[in-house]
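Taking our numbering, the leading residue of the sequence shown gets 1, the next gets one more, and so forth. Glycine included, C-beta positions come from ideal geometry on N, C-alpha and C. Keep in mind that this is a model prediction, so the values were computed, not measured.
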Amino acid sequence: MRRVLDPLLSAWSSVVAHKLRSFLTMLGIVIGVASVIALLAIGRGAENQIISSIESLGANLVQISPSFYRGPGGVRGGGGITQTLTLEDAMAIEEQVEHVVDVAPILQSSAQLIAGSENTSASVIGTTSAYRVTYNLEVATGAFFSDYDYDRAAKVVVLGATVSEELFGEGADPVGETLKLNGNIVRVIGVLKEKGASMMSSDDSVYVPLTFVQQTSAQQRTAQGDHVVSSIGLSLEGTGYSEQVTADITELLRTRHRLTADAEDDFNIMSTEEIASQVSEAMGIMTIFLGAIAAISLLVGGIGVMNIMLVSVLERTREIGIRKALGAQERTIWTQFLIEAALLTFTGGLIGMAAGWGIAYGVGYFVEEITPMVEPDIVALAVGVSVGIGLFFGFYPAWQASRLNPIDALRAE
């Protein structure tokens, strides 16, 4: 036990004897560890928030959207996205593809909404009653429009939470009120629950029957006379059917769109599971990149440790000579200086851990959209790396101290 405690006590005495120097040496480690913990915690918190936003759309959601236009020879043209999806495509998917529960064709545009003296612009979603279930929307007051409203092209509208507040005021219940939507008088039948900042938030949108949009505005059609839509959303019986359904829909749409065998798909199919996986991978890479940048300060701190330990060896040359003359082995001298370096970085790592934790949760306090996640593996990594840096950069000064010739060391002033 004494063989373990003596080097630790000796190292501690040396650190305490030079308080200011030890503090300045640890400062680089403190900043490095705090930066690593704070950035990794904030990165993971942001990743978790984005994944939660995606999953809030519905675990079994699949979305089909048009692809980019490619000109002759496969060159991407400047025409942007082609409108290749139709209402008839959505009906065919519902009838012919297995394991699909609900299908919601979507025609999206923007409009000016006027209610009394208030007005605002909002995204208008023309769709079917299946949209609410497909995209996991919750109604705060009133109701979403029904199949009956859709069949008779009823002039009804469901408002997002932000739109309702802008037109009728905070806390008001506008159900039963009327407003103007692009010159048409429509009746409010429901208001959706607030979703906050999330992927595809419903707060800034309004929802009307697709048939109403078709009757009140000029509709784009394909060469075959089909009704063009912006996208198609559908929900599945379970996430396990995602791959099979994607393959079946791809085959069906390629046939309906009369694509040749060597032609690219003119549509994209993405499931929430696939989107979440891609986002998680991208955010993971970004978080690691930010952590690597922060780790540079740890490297600088390690160089500072080496510098101070070399100074310490020069200052204590005579002490080392006396100890070696009295029979101290090279291993003992080497261990003592190595423990001093590790002690400095370990202490700096603990202080940096507390500082990083505080910074992360301070950011979370001021930025409500992000909840930083300080997890054990982040803390263990940061503190472990700081100790490793102490051992790595402390090795050379410790080795140099152990190799001093006792006679030359005793002659040193």
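- In the DSSP assignment, residue 166 falls within the unbroken alpha helix (DSSP H) covering 161-168.
- Using a Cβ-Cβ distance cut-off of 8 Å, the region 101-121 and the region 31-42 are not in contact, since fewer than three pairs of beta carbons, one from each stretch, lie closer than that value.
- Excluding the 5 residues flanking it on each side, residue 147 has same chain C-beta neighbours closer than 6 Å at 129, in chain order.
- Taking C-alpha positions only, residue 117 is separated from residue 168 by approximately 10 Å.
- Secondary structure within the region 161-247: the beta strand (DSSP E) runs of 3 or more consecutive residues, fully enclosed, are 178-181, 184-192, 205-209, 231-236 (chain order).
- In this structure the region 272-281 does not touch the region 354-374; the number of beta carbon pairs closer than 8 Å is below three.
- The alpha carbon of residue 98 has as its nearest neighbour, out of 249, 365, 392, the alpha carbon of 249.
- A check of alpha carbon separations from residue 131 across 325, 345, 90 identifies 90 as the nearest.
- Note that the region 218-230 does not touch the region 130-144; fewer than 3 beta-carbon pairs, one per stretch, sit closer than 8 Å.
- DSSP places residue 370 in the coil class of the three-state scheme, outside both helix and strand.
- In this structure, the alpha-carbon of residue 337 lies about 11 Å from that of residue 308.
- Straight through space, the alpha carbons of residue 351 and residue 210 are spaced by roughly 60 Å.
- If you check the CB distance, residue 204 and residue 194 do not come in under 8 Å.
- Taking residue 270 as the centre and dropping the five residues before and after it, the same chain places the C-beta of 63 closer than 6 Å to its C-beta, in chain order.
- Here the C-alpha atom of residue 232 lies approximately 44 Å from the C-alpha atom of residue 357.
- Of 375, 37, 343, the smallest CA-CA separation from residue 387 is found for 343.
- Residue 134 places its beta carbon less than 8 Å from that of residue 234.
- A distance below 6 Å between beta-carbons, with the five flanking residues on each side excluded, links residue 177 to the following residues of its chain, in chain order: 188.
- For residue 63, the enclosing beta strand (DSSP E) covers residues 61-66.
- Sixteen is the threshold: since fewer than 16 other Cβ atoms of the shown chains lie within 10 Å of the Cβ of residue 286, the residue is exposed.
- Along the length of the region 258-344, whole beta strand (DSSP E) runs at least 3 residues long occupy 267-271, reported in chain order.
- Under the DSSP assignment, residue 83 falls outside any alpha helix (DSSP H); it carries neither an H nor an E label.
- About 6 Å separates the beta carbon of residue 304 from that of residue 25, a gap short enough to meet the 8 Å contact definition.
- For residue 386, the three-state secondary structure derived from DSSP is helix.
- The shortest CA-to-CA distance from residue 61 to any of 251, 220, 313, 241 is the one to 241.
- For a cut-off of 8 Å, the C-beta gap from residue 290 to residue 43 is around 6 Å, short enough to register as a contact.
- Looking at 238, 236, 185, 383, the one whose alpha-carbon comes closest to that of residue 216 is 185.
- Contact annotation: residue 341 and residue 36 have beta-carbon atoms that are not nearer than 8 Å.
- Excluding sequence positions up to five before and after residue 151, its CB lies within less than 8 Å of the CB of 211, all in the same chain and listed in chain order.
- In the three-state reduction of the DSSP assignment, residue 375 falls in the coil class, being assigned neither a helical nor a strand state.
- Counting C-beta atoms within 10 angstroms of its own C-beta, residue 251 has fewer than 16 neighbours from the protein chains shown and is therefore classed as exposed.
- Residue 126 holds the alpha-carbon nearest to the alpha-carbon of residue 87 among 206, 126, 380, 333.
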